[in-house]
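Residues in the sequence shown are numbered consecutively from 360, following my numbering. All residues carry an ideal CB built from backbone N, CA and C; glycine is no exception. Since the model is a prediction, treat every value here as computed from it, not as a measurement. Structure record follows, encoded as structure tokens.
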Amino acid sequence: MDRELALELVRVTEAAAVSSAQWMGRGKKDEADDAATSAMRSMFDSITMQGTVVIGEGELDEAPMLYIGEELGNGQGPAVDIAVDPLEGTNIVAKGHNNAMAVIAAADRGALLHAPDMYMEKIAVGKNAKGKISLDDPIEKTIDIVAKANNKRIRDLTVIIQERPRHEDLVERVRAKGARVKLFGDGDVEASIASCIPHTGVDIFVGTGGAPEGVISAAAVKCLDGDMQARLVPQNEDEANRCIEMGLADPRQLLTLDDLVKSDDAIFAATGVTEGELLHGVKFLGNDLTETDSIVMRAKTGTVRFIKANHHLDRKPHLLVKE
């Protein structure tokens, strides 16, 4: 992929974040999601690439834009897979909570797992523990391994877990082991990334969440030289058959990072919508001036860029939402 594509994708996430942030705290999650999706779609049209959405807003008959299989870009340049979540955290934005983002992952054509919309077990860690973890290990063993890899006492180790009833036993086992638990509500892409960035203080991300978000997270983890494993969790026969149609002979096979993202040339871009531990949210500064905070990274070079930008909305009227 062309390296210029990385910065082009940031422009897309910035547009989605600015548009959706205008709905922050107003109790209208669908409007926030629609704003992000529309802005993202319009910006994709200007990018030199032959993109195909492999993870998006749904099938063609379920979503008007950014549906699975949709072609993006101007039809020239590199052929790439695109995974998008125009607004990771629709409820977060509607309620005015933290950690909502607009996110994109891109990789060479055929490189991203075409994950169906179902549950997925996941674990992610930073580069010190790369190659040392297994999703099949009990969490107590994983904590020992990661504590040693990160040169930490177990009581100083932090495991981030989504606050859901299905994780109650997992949370108690981590606490019984003596490690610290950090709970979060929605938005597990940021939680996955946090395990790979030392200054967040997070050492392990673990739990069951959405499969599409798992693939997007895997692209980011690969860019950060971390490690991730996953396993699809079909809830019924129809979901199991969808896994088989994807080419997985065993719907519950262990998926490594290279299964999730087959290429070593992946790009991840995100812009904060509301305040988060990784990125600041969109700020409206008055006089039509808006500030965004973004991250973009590329696996091939290992480059990670944090980008703070000011946008003059009077010169970008397409980003202003209509009420």
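Opening and closing residue of the beta strand (DSSP E) in which residue i lies
{"i": "N669", "result": "V663 to H671"}
{"i": "P683", "result": "Limits of the chain in this structure are 360 at one end and 682 at the other, which puts residue 683 out of reach."}
{"i": "R657", "result": "L648 to R657"}
{"i": "A442", "result": "A438 to E447"}
{"i": "D467", "result": "M460 to D467"}
{"i": "V530", "result": "V530 -> not in any beta strand (DSSP E); alpha helix (DSSP H) instead, spanning E527 to K536."}
{"i": "A608", "result": "Counting along the chain, A608 falls outside any beta strand (DSSP E), and DSSP gives it neither H nor E."}
{"i": "D586", "result": "D586 to V592"}
{"i": "A570", "result": "Counting along the chain, A570 falls outside any beta strand (DSSP E), though it belongs to the alpha helix (DSSP H) covering A570 to C582."}
{"i": "I626", "result": "A625 to G631"}
Collapsed DSSP secondary structure at residue i in the structure displayed
{"i": "I519", "result": "strand"}
{"i": "L364", "result": "helix"}
{"i": "K500", "result": "helix"}
{"i": "E480", "result": "strand"}
{"i": "R539", "result": "strand"}
{"i": "E430", "result": "strand"}
{"i": "I559", "result": "Looking at the sequence provided, one finds Thr at residue 559 rather than Ile. Correct three-state label for T559: helix."}
{"i": "T407", "result": "coil"}
{"i": "I492", "result": "coil"}
{"i": "V505", "result": "helix"}
{"i": "T567", "result": "strand"}
{"i": "V412", "result": "strand"}
{"i": "V620", "result": "strand"}
Proximal residues to residue i (C-beta, below 6 Å), its chain only, five neighbours per side dropped
{"i": "M605", "result": "H473"}
{"i": "V505", "result": "V484, A488, D562 and I563"}
{"i": "G384", "result": "G455"}
Assumed close pair residue i, residue j - CB separation to whole angstroms, cut-off 8 Å
{"i": "I626", "j": "V565", "result": "Not a contact, Cβ separation roughly 25 Å."}
{"i": "V632", "j": "A376", "result": "5 Å"}
{"i": "E572", "j": "D547", "result": "6 Å"}
First and last residue of the uninterrupted alpha helix (DSSP H) at residue i
{"i": "L638", "result": "Per DSSP, L638 belongs to no alpha helix (DSSP H) and is neither H nor E."}
{"i": "I552", "result": "D547 to A553"}
Contacts around residue i, its chain only, beta-carbon distance under 7 Å, and the 5 residues preceding and following it disregarded
{"i": "V412", "result": "L425, Y426, I427, G428, E429, L431, I441 and V443"}
{"i": "A394", "result": "S378, S379, Q381, W382 and V680"}
{"i": "M402", "result": "R370, V371 and A374"}
{"i": "A391", "result": "S379, W382, L446, T449, V452 and A453"}
{"i": "I666", "result": "V369, S653 and V655"}
{"i": "K659", "result": "D623 and D624"}
Chain-order list of residues whose beta-carbon lies under 8 Å from that of residue i (same chain, five-residue window excluded)
{"i": "R486", "result": "According to the sequence displayed, residue 486 carries Lys and not Arg. So the list reads C555, L583, D584, G585 and D586, once near-sequence residues are dropped."}
{"i": "R362", "result": "R657 and T660"}
Worksheet item: Just checking, does the region 487-494 make contact with the region 511-529 on the three C-beta pairs under 8 Å criterion?
Response: no
Discussion item. With three or more beta-carbon pairs closer than 8 Å as the criterion, would you say the region 521-540 touches the region 454-472?
Written reply: no
Worksheet item: If you pair each beta-carbon of the region 573-581 with each one of the region 614-626, do three or more pairs fall below 8 Å?
Response: yes
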